[in-house]
Every structure is written in structure tokens, then in C-alpha cells.
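Residue numbers (the UniProt record's numbering): 1 to 456. Even for Gly, the Cβ is constructed at its ideal location relative to N, Cα and C. Comments concern the structure below.
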Amino acid sequence: MARSLWFAWAWLADGWQRDVVLTIDHAGIITGITAGAGQGGCDIVPGIAMPGLANLHSHGFQRAMAGLAERGNRPGEDFWSWRHVMYQVVNALDPDEIEAVNTMAYVEMLQAGFTTVGEFHYVHHDPTGKPYAARAELAGRVIAAAQASGIGLTMLPCLYSAGGIGRAAEPGQRRFINDRDAFLRLHDETADLLRAAMPDAVLGVAPHSLRAARPADVAAIGGLFPTGPVHIHAAEQMIEVDDCLTSLGAPPVAWLLDHAGVDQRWCLIHATHLTASETARLAASGAVAGLCPLTEADLGDGIFAGPAFLQAGGRFGIGSDSLIRIDATEELRQLDTSQRLRDQRRVVLSPHGSAGEVLLRGAWQGGAQAMGQPIGALAIGNRADIVVLDHAGTDLAALPPARWLDHFVFVGGTRLIDRVYAGGRLVVSGGRHHEHAPVAARFRAVLRRLIDALAG
Ligand SMILES: [Zn+2]
């Protein structure tokens with residue numbers, strides 16, 4: 001049955017509007033928007049409403065290792081020593097535990113302003129590397145976790161075939177590995193599961209990177225999967241850039257632009273180490289740069305070329321990747337402040353206006369594009385993904401609306417979030433997901449066992 005929510009303020013296409021009624025149908029789609037409306041027949045929702053954000057890059061199981069790789073064992077710790085810990089963790093988790101960990105991650109995402117997740121799913125097999133009897137068993141666990149939490153899902157099964165360009169996989173990677181044919185079967189089975197469980201979810205594809213998917217397969221992927229989003233890690237680490245230069249004669253982003261038909265369907269995750277020409281060409285391609293600033297900082301990856309990319313009209317979105325922190329405004333703040341630290345300037349991403357607005361508009365629009373979903377705006381036909389900020393009891397009540405987005409991103413952050421509706425369903429009230437307590441209890445049991453397994 002359709003119902004109507006009344007908000008004193010809501011962020012619509014033209015900015016903040018007063019006295020807004022959103023009508024939502026039984027499927028959770030916005031079917032009507034009226035500004036300057038009365039409250040008659042509506043549920044009156046206190047606070048101010050804005051669209052939910054897409055978390056365009058997640059590896060859900062990594063929530064179990066957040067904070068477990070922050071201890072130095074030798075000088076020169078880097079991404080690659082972090083990855084060693086990640087392999088230990090992934091090889092210790094069974095399907096029930098992976099589902100429990102993913103559910104925790106998605107519940108926390110909803111509390112933190114993310115209403116859709118792009119799950120870049122690369123753990124496919126049992127710990128010996130053998131496919132499960134149902135090849136897409138673990139994809140099914142991810143889907144079940146998303147369904148239980150209420151978060152919107154773009155499922156991105158990952159093609160992972162090699163340990164490096166021209167190198168066989170390492171033992172730690174055995175749960176990830178498929179050749180092209182095995183992957184096509186896995187993808188088909190994932191499609192069946194998704195259709196049955198979450199028909200409004202989107203299925204894309206994710207060749208892992210030019211180091212872990214064969215370049216010939218990456219070049220062919222757009223043709224093999226003619227619809228849906230295509231996500232790939234690119235240029236996160238200098239070793240990867242150097243390997244591409246040596247083996248393929250070009251850095252990864254230039255190679256992808258030249259050989260893989262990168263266009264608006266594509267999302268290049270990280271895109272950290274780019275030449276000026278790659279930055280301009282990526283912007284012109286219409287692809288989304290999938291930025292994960294908290295993870296990129298935690299892993300010591302590097303800093304994205306933000307001003308040049310935005311000046312060239314580039315599109316971006318944000319993701320929490322390793323899930324070291326799950327927080328939409330912290331990602332945006334880290335994205336902006338890392339540019340300021342590098343350039344020794346202020347407000348470098350928005351020289352002509354509100355930084356909060358530039359960051360949020362970018363992440364709303366780029367996130368929707370990268371997810372291939374009708375999200376990122378409170379608009380007719382879109383999913384009713386709504387984040388409601390507490391207004392009366394916060395600084396927002398004293399500030400004019402033109403200051404609200406800057407306050408949300410740079411000051412108040414996600415602790416201002418009171419309610420979250422995902423697909424029209426109220427899943428967070430008072431800042432807490434309704435299933436938080438049981439989900440967190442299950443997660444803690446997994447974490448305790450994991451700590452024992454890693455110690456043993
Ligand atoms: Zn990633």
C-alpha cells in the first residue's frame with residue numbers, strides 16, 4: 001500500500017525544499033513528491049531528509065579483520081603485508097561466519113548513511129580451493145546478508161584467475177580462483193540466486209584487477225557481459241603500475257582505456273597512481289572513479305588527483321573497501337582533507353562553493369551510476385532510500401539550510417543520522433539498526449573464534 005512521509009525539509013534536485021511529502025509505493029519506489037505540502041494523511045517524520053549514499057566498493061568479510069592489521073611486525077609494513085593478514089582471515093571463515101560478518105557490515109553501513117552496497121565479491125570456494133556443491137554458495141550468503149539488513153545491493157562477482165600478470169595464484173588466493181569458463185557458470189548461478197531473493201538488486205561483474213584477472217579476459221569482459229556495471233581495481237599500488245608497464249607496455253588505467261572499452265558502465269576502484277593524461281582521459285570516458293579514501297589512507301596507497309579530475313568533469317563515488325571504518329561522511333572528509341594536506345591549500349575540490357555539496361552531489365550521482373540503480377536522489381521512480389538527520393537537538397537548528405551539507409560532512413557527521421529508510425523500509429531509528437543487537441552478538445561470536453584461529 002502506498003504511504004506518504006512528511007518532512008519539514010528535504011534535499012531535492014533544486015536543493016533544500018520546505019514541507020515535503022514523499023509518496024512511496026508498496027515496492028519501496030518514490031511515486032510522488034510535493035514541496036510546500038500540508039501534513040494531512042502523512043506520517044510526520046521529525047528531522048531533515050536527504051538521499052542515502054551508495055557504498056560502491058565493499059568486501060564484506062573484511063569487516064572481521066578491521067583493526068587486526070594495525071600492529072607492525074617489521075619495518076616496511078605495506079599493502080602487501082596487510083594482504084597477508086587478509087588471506088589468513090579469509091581462509092579461517094566458513095559460510096555461516098561469512099554471512100554473519102557481511103550482515104554486521106551492512107547493518108553498520110545503513111547506520112552510517114549508506115543505503116546501497118556494491119559488493120565486490122571474490123571469495124568463492126572452500127578453504128581448500130574446491131568449489132562448494134552449489135558453486136555460488138558464498139554469493140548466496142552475501143545476498144542473504146543484504147536481504148536481512150535491508151540494504152540495496154549491486155552484486156559484483158569477481159573474476160580472479162592469477163597471482164600477478166603471467167603468474168600462477170598463491171596458496172592464500174585459492175578461495176578466489178576461477179578460469180573464465182568456471183566464472184561464467186558461477187556468474188549464472190549468482191544471477192539465479194539474485195533473481196529469486198532480491199529481484200530489484202543489480203548484477204554486474206568485477207574482473208579483479210590487471211594483476212589478478214588475465215588481461216585478455218579483462219579486454220573481453222564488456223562483450224561477455226553486455227549490460228550491468230563493470231568494476232575493477234586499478235592503480236592502487238605502484239608495484240601494480242610498474243608490473244603493467246613492464247608486462248603490458250602501459251600503466252593500468254591507460255591500458256584499460258585503450259583495450260577494455262571503458263565507458264559509463266565502468267567503475268575504476270582507487271585510480272590512485274595516474275599520469276596527468278590518464279586522469280584527463282578517465283574523466284572524459286564517463287567512467288566513475290571509485291574512491292575509498294579511508295582504506296587508501298589506512299593501507300598507505302596514495303592520494304587521488306582530485307582537483308585535476310573534477311576540473312576535467314570526472315565522476316566519482318565513495319566506497320569503504322576494507323571496512324576499516326564504515327562511515328559515509330568520514331570517507332568524504334578524508335577525500336577532501338587529503339587533497340588539502342597534499343596541496344597545502346583549503347577547499348581545493350570546490351573553489352566556487354560548498355565543499356559539502358560538491359562532495360555529496362558527486363557521491364550521490366557517481367554512486368548511482370556505478371551501482372546501475374535508480375538511487376542517489378529523492379526523485380520520482382527512484383528507490384526510497386532516505387537518510388534523516390536530527391535537526392531540533394543539533395547545530396543544524398541554528399544554521400541556515402545553505403550551511404547544512406557542510407556541517408553534515410565536516411562537523412556533525414553520521415552521528416547526526418536519526419532514521420534511515422532503505423527501499424521505503426524504516427531500518428534505522430535513533431541511529432540504531434533495528435536488528436543491530438542480535439547481528440552484533442553473532443558477529444562477536446565469529447570474531448572470538450577468528451582470534452583463536454589466528455592465534456592457533
Ligand atoms: Zn577492494
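query: Candidates 419, 192, 238 and 120, of which the one nearest residue 275 by Cα; result: 238
query: For residue 210 and residue 164, the rounded distance between their alpha carbons; result: 8 Å
query: Endpoints, beta strand (DSSP E) assigned at residue 65; result: Here residue 65 belongs to no beta strand (DSSP E), and DSSP marks it neither H nor E.
query: Residue environment, residue 386, which counts as buried when at least 16 other CB atoms sit within 10 Å; result: buried
query: Cβ-Cβ separation, residue 101 to residue 109 (assumed contact under 8 Å), whole Å; result: No, residue 109 and residue 101 are not in contact; Cβ-Cβ is about 13 Å, not under 8 Å.
query: Cα-Cα separation between residue 258 and residue 314, rounded to whole angstroms; result: 18 Å
query: For residue 48, the residue or residues it bridges with in DSSP; result: 9 and 389
query: Alpha-carbon to alpha-carbon, residue 324 and residue 63; result: 7 Å
query: Within 7 Å, strictly: CB atoms of residue 34 and residue 45; result: no
query: Anticipated Cβ contact below 8 Å, residue 153 with residue 367, distance rounded; result: Contact doesn't hold; Cβ gap of about 13 Å is too wide.
query: Whole-Å CB distance - residue 369 paired with residue 262, under 8 Å assumed; result: Not quite, the Cβ-Cβ distance comes to about 13 Å (not below 8 Å), so this is no contact.
query: Backbone secondary structure at residue 4 - three-state DSSP; result: strand
query: Helix, strand or coil at residue 17 [DSSP, three-state]; result: strand
query: Residue 122: first and last residue of the uninterrupted beta strand (DSSP E) it sits in; result: Where residue 122 is concerned, there is no enclosing beta strand (DSSP E), given that its DSSP letter is neither H nor E.
query: Simplified DSSP assignment, three categories, for residue 315; result: strand
query: Ranges of the alpha helix (DSSP H) found wholly within the region 367-421, counting only runs of at least 4; result: 404-407
query: Pocket of ligand 1 (residues with CB nearer than 6 Å to any heavy atom), chain order; result: 57, 59, 120, 233, 269 and 321
query: Where residue 244 sits in the DSSP three-state scheme; result: helix
query: Where residue 112 falls, given that 16 or more other Cβ within 10 Å makes a residue buried; result: buried
query: Bounding residues of the alpha helix (DSSP H) (the contiguous stretch that carries residue 161); result: No alpha helix (DSSP H) contains residue 161, which DSSP labels as neither H nor E.
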